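Same order as they appear, the protein sequences are chains A and B.
Each number in this note's numbering corresponds to the 1-based position in the first sequence with 288 added.
Each number in this note's numbering corresponds to the 1-based position in the second sequence with 709 added.
Cβ atoms here follow ideal geometry from the backbone N, Cα and C, with glycine treated the same way.
Every value quoted in this text rests on a predicted model; they were computed, and no experiment measured them.
Everything on this sheet refers to the single structure shown next.
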Amino acid sequence: MNAARGDDRADATPPVLRIDNLYKSFGDTPVLQGIDLDVHRHRVVVLIGASGSGKSTLLKTVNLLERVDDGQIFLQGEDISDPRVAVDAVRARIGVVFQHFNLFPHLSVLDNVTLASRQVHGIRRKPAEATAMQLLQRIGLESKAGDYPDRLSGGQQQRVAIVRAIATNPELLLLDEITSALDPQLVGEVLDLVTELKQNGSTILMATHEMSFARRVADTVVFLKGGVIVEQGPPEQIFDDPAHPETREFLARTHAT
Amino acid sequence: MTTTDPTAPVRAVSSVELDRRAFRRKQSGRSVLAGLASTLVLALLLWFFVVNTPGWAAVQQSFFDPAIVVSSFPKILEGLLLNLRVLLMASVGVAVFATLLAVVRTLRGPVFFPLRALAAAYTDLFRGMPLLIVLYLVGFGIPALGIFPRLGSEVWGTAALVLTYSAYVSEVLRAGMEAVHPSQRLAARSLGLSHAKTLRIVVIPQGVRKVTPALMNDFVSMQKDVGLISVLGAVDAVRAAQIQVSQSYNFTPYVVAGLLFVALSWPMIRLTDWYSARAQRREQIGGTV
Numbered sequence: 289m290n291a292a293r294g295d296d297r298a299d300a301t302p303p304v305l306r307i308d309n310l311y312k313s314f315g316d317t318p319v320l321q322g323i324d325l326d327v328h329r330h331r332v333v334v335l336i337g338a339s340g341s342g343k344s345t346l347l348k349t350v351n352l353l354e355r356v357d358d359g360q361i362f363l364q365g366e367d368i369s370d371p372r373v374a375v376d377a378v379r380a381r382i383g384v385v386f387q388h389f390n391l392f393p394h395l396s397v398l399d400n401v402t403l404a405s406r407q408v409h410g411i412r413r414k415p416a417e418a419t420a421m422q423l424l425q426r427i428g429l430e431s432k433a434g435d436y437p438d439r440l441s442g443g444q445q446q447r448v449a450i451v452r453a454i455a456t457n458p459e460l461l462l463l464d465e466i467t468s469a470l471d472p473q474l475v476g477e478v479l480d481l482v483t484e485l486k487q488n489g490s491t492i493l494m495a496t497h498e499m500s501f502a503r504r505v506a507d508t509v510v511f512l513k514g515g516v517i518v519e520q521g522p523p524e525q526i527f528d529d530p531a532h533p534e535t536r537e538f539l540a541r542t543h544a545t
Numbered sequence: 710m711t712t713t714d715p716t717a718p719v720r721a722v723s724s725v726e727l728d729r730r731a732f733r734r735k736q737s738g739r740s741v742l743a744g745l746a747s748t749l750v751l752a753l754l755l756w757f758f759v760v761n762t763p764g765w766a767a768v769q770q771s772f773f774d775p776a777i778v779v780s781s782f783p784k785i786l787e788g789l790l791l792n793l794r795v796l797l798m799a800s801v802g803v804a805v806f807a808t809l810l811a812v813v814r815t816l817r818g819p820v821f822f823p824l825r826a827l828a829a830a831y832t833d834l835f836r837g838m839p840l841l842i843v844l845y846l847v848g849f850g851i852p853a854l855g856i857f858p859r860l861g862s863e864v865w866g867t868a869a870l871v872l873t874y875s876a877y878v879s880e881v882l883r884a885g886m887e888a889v890h891p892s893q894r895l896a897a898r899s900l901g902l903s904h905a906k907t908l909r910i911v912v913i914p915q916g917v918r919k920v921t922p923a924l925m926n927d928f929v930s931m932q933k934d935v936g937l938i939s940v941l942g943a944v945d946a947v948r949a950a951q952i953q954v955s956q957s958y959n960f961t962p963y964v965v966a967g968l969l970f971v972a973l974s975w976p977m978i979r980l981t982d983w984y985s986a987r988a989q990r991r992e993q994i995g996g997t998v
């Protein structure tokens, strides 16, 4: 909604992420059609929508894993969709967690978490491991530091993946349906960790199918359909009083209201 | 609302995107130029180095004589046809024998122990033994037994190639079959497929796909090793070249034969590279979306 976006734009600081009129298609299939979106510091923006609505593609374009057809993406005011920017340097500033964890199976939990700190950010092993152990302690997995990922449950693996993403203090955290591949009883522990990240002030853009979680954690909910933002606003507004009939229909189908 | 009208006319591309496209075009043009320039410089350097070696004139005369290229070409090409025939026969033989060996080595159950052990011993033996020695043993040893009718030396050469290459290829196939996820076997057996049918319909097709680049590589390798059958006296491209060399006291025919072998294997090498690159690209898509 214009009102919601207008309010956001009125914030004193410029947004961490600003997406401006973004277009993307795969061949003849349009996936994103003119997306405008701001993510402000310490805010959680949640993308909802059916499969194929463009949520994942949007996250990928932000991490420069997909090239856009038109429009711009600004990270802290810098146009990162410009081909002249150093792609790896941009990615080093953004943390990503995938649906399928994507932990490195040949590295221990501790090495997974410290990999980017040591190899990309040039932090020595000792301090990197100290930070990693603190983080692992926070998620109660410090005893698993020396284990390999295949010894962990799905929920534990995903929490390690989240810790790996935040170990380098990224300016922005992208979470792509991080609970979709988990057994239902493991979803809670992962979402609790995301809630904790929000409380600690992380800036998060996430796609999810967990509507009750979206309602709880989101500052802004964005409903996507067919690569278009149908409606966006605070969770109470989107879930309790959606303005657009398509939003109502989607929420009715997902039993969220 | 930020909704766009789906019936809106074709969207005009923004100047930002036009600038990005122009930059990418310029960049790709520049990298093509850089590639061309560095290739040219390297080629020129190599050429100057070779031409300025003290013995170049003599080498040129005895290895690159155009007149001898022309005169020796037909005979060598005729020999290459024999190589091609041997290659085709050997490929079929290797495909059948190696698959058999691979299947035997994956058989479970104590009853099959002797078969498994035999297959394992076979692959150990023939992967370790130099092809040249297998060629001598098969080509001169087996006919000496006197139980086979007189056969051409190319037949024994083909047999030796099949024996050696089956050992390699069966190991590649076995690795591929073992890389097929156990859940695939489980799914096949749960449908009621027998062990043999599970292998034939589910495991082998997927396993072969996984190791196709390695198999193509073995094929390329065999393509040039067919030249070794000349040691048994078969008049293939190498032997034909040898005859020409002894007649002209000039090594040019060897160069001709060598280049013909390269030409023979080149399409397969390119195909292998293309296939591997494609498989890699597919793997890198990530499969999360």
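By the criterion of Cβ-Cβ separation under 9 angstroms, what are the contact partners of residue 438 of chain A in chain B? Near residue 438 of chain A there are no residues of chain B at all, since even the closest Cβ is about 14 angstroms away, more than 9 angstroms.
Evaluate residue 975 of chain B with the Cβ neighbour count: other Cβ atoms within 10 Å of its Cβ, from every protein chain shown; 16 or more gives buried, anything less gives exposed. Note on residue 975 of chain B: under 16 other CB atoms within 10 angstroms of its CB, so exposed under the neighbour-count rule.
Of all the CB atoms in chain B, is at least one closer than 9 angstroms to the CB of residue 360 of chain A? yes
Specify whether the stretch 452-465 of chain A and the stretch 343-354 of chain A touch according to this definition: at least 3 beta carbon pairs, one from each stretch, less than 8 angstroms apart. yes
Measuring only the C-alpha atoms, how far is residue 990 of chain B from residue 924 of chain B? Their Cα atoms are separated by approximately 19 angstroms.
Does DSSP classify residue 366 of chain A as helix, strand or coil? Residue 366 of chain A falls in the strand class under three-state DSSP.
Check each candidate in A:513, A:415, A:493 and A:359 and name the one with the smallest Cα separation from residue 331 of chain A. Comparing Cα-Cα distances from residue 331 of chain A to each of A:513, A:415, A:493 and A:359, the minimum goes to A:493.
Of all the options B:881, B:862, B:919 and B:938, which has the alpha carbon lying nearest to the alpha carbon of residue 890 of chain B? If we check each option's Cα against that of residue 890 of chain B, B:919 comes out closest.
Cβ-based neighbour list, residue 964 of chain B, same chain, cut-off 6 angstroms, excluding 5 preceding and 5 following: 772
Would you say residue 741 of chain B reaches chain A, if we count a Cβ-Cβ gap shorter than 9 angstroms as a contact? no
Measure the beta-carbon distance from residue 433 of chain A to residue 397 of chain A and round it to whole angstroms, keeping in mind my assumption that it falls under 8 angstroms. 5 angstroms
Kindly confirm or deny that the stretch 858-877 of chain B and the stretch 799-815 of chain B touch, where touching means at least three C-beta pairs closer than 8 angstroms. Contact between the stretch 858-877 of chain B and the stretch 799-815 of chain B is present: 3 or more CB-CB pairs across the two stretches fall below 8 angstroms.
When you compare only the Cα positions, how much space is there between residue 894 of chain B and residue 910 of chain B? 10 angstroms
To which residues of the same chain is residue 966 of chain B closer than 8 angstroms at the C-beta, ignoring the five residues directly before and after it? Excluding positions up to five away in sequence, the list reads 785, 788, 789, 936, 946, 947, 949 and 950.
Would you kindly work out how many angstroms separate the C-alpha atoms of residue 380 of chain A and residue 360 of chain A, rounded to a whole number? 19 angstroms
On the premise that residue 774 of chain B lies in contact with residue 959 of chain B, defined as a C-beta separation below 8 angstroms, what is that separation, rounded to the nearest angstrom? 6 angstroms
On the CB-based measure, 16 or more other CB atoms within 10 Å of its CB, does residue 863 of chain B come out buried or exposed? buried
According to DSSP, residues forming a beta bridge with residue 492 of chain A: A:332 and A:461
Indicate whether at least one CB of chain B lies closer than 9 angstroms to the CB of residue 341 of chain A. no
Any beta carbon from chain B within less than 9 angstroms of residue 322 of chain A's own beta carbon? Interface residue, yes.
What does DSSP give as the partner residue(s) for residue 306 of chain A in the beta ladder? A:326 and A:362
Boundaries of the beta strand (DSSP E) in which residue 512 of chain A is found, first to last residue: 508-513
Starting from the N-terminal side, write out each stretch of the beta strand (DSSP E) that is 3 residues or longer and does not extend beyond the stretch 860-932 of chain B. none
Bridge partners of residue 350 of chain A, per DSSP? DSSP, once it has assigned bridges, lists no residue as partnering residue 350 of chain A.
Can you grab the Cα-Cα spacing for the pair residue 746 of chain B / residue 320 of chain A, in whole Å? Cα to Cα, the separation comes out at about 40 angstroms.
In terms of alpha-carbon separation, which member of A:523, A:456, A:532 and A:429 lies closest to residue 481 of chain A? A:429
Reducing DSSP to helix, strand and coil, say where residue 498 of chain A ends up. The answer is coil: DSSP assigns residue 498 of chain A none of H, G, I, E or B.
Under 8 angstroms, CB to CB, which of the residues in the stretch 722-746 of chain B have a partner in chain A? 722, 723, 725, 726, 729, 732, 733 and 736
Using DSSP bridges, identify the partner residues of residue 314 of chain A. A:317
DSSP beta-bridge partners for residue 382 of chain A? A:460
Between residue 757 of chain B and residue 839 of chain B, what straight-line distance do the alpha-carbon atoms span, to the nearest angstrom? Straight-line spacing of the CA atoms in residue 757 of chain B and residue 839 of chain B works out to 39 angstroms.
Whose C-alpha, out of B:970, B:988, B:904 and B:726, is nearest the C-alpha of residue 818 of chain B? Answer by Cα proximity: B:904.
Residue 506 of chain A and residue 385 of chain A: beta carbons closer than 9 angstroms? no
With DSSP run on the structure shown, which of helix, strand or coil describes residue 517 of chain A? Strand.
What separation, rounded to the nearest whole angstrom, lies between the Cα atoms of residue 418 of chain A and residue 486 of chain A? Approximately 23 angstroms, taken between the alpha carbons.
Beta-carbon proximity list for residue 312 of chain A, same chain, < 7 angstroms, skipping 5 on both sides: 319, 320, 345, 349, 354, 356 and 357
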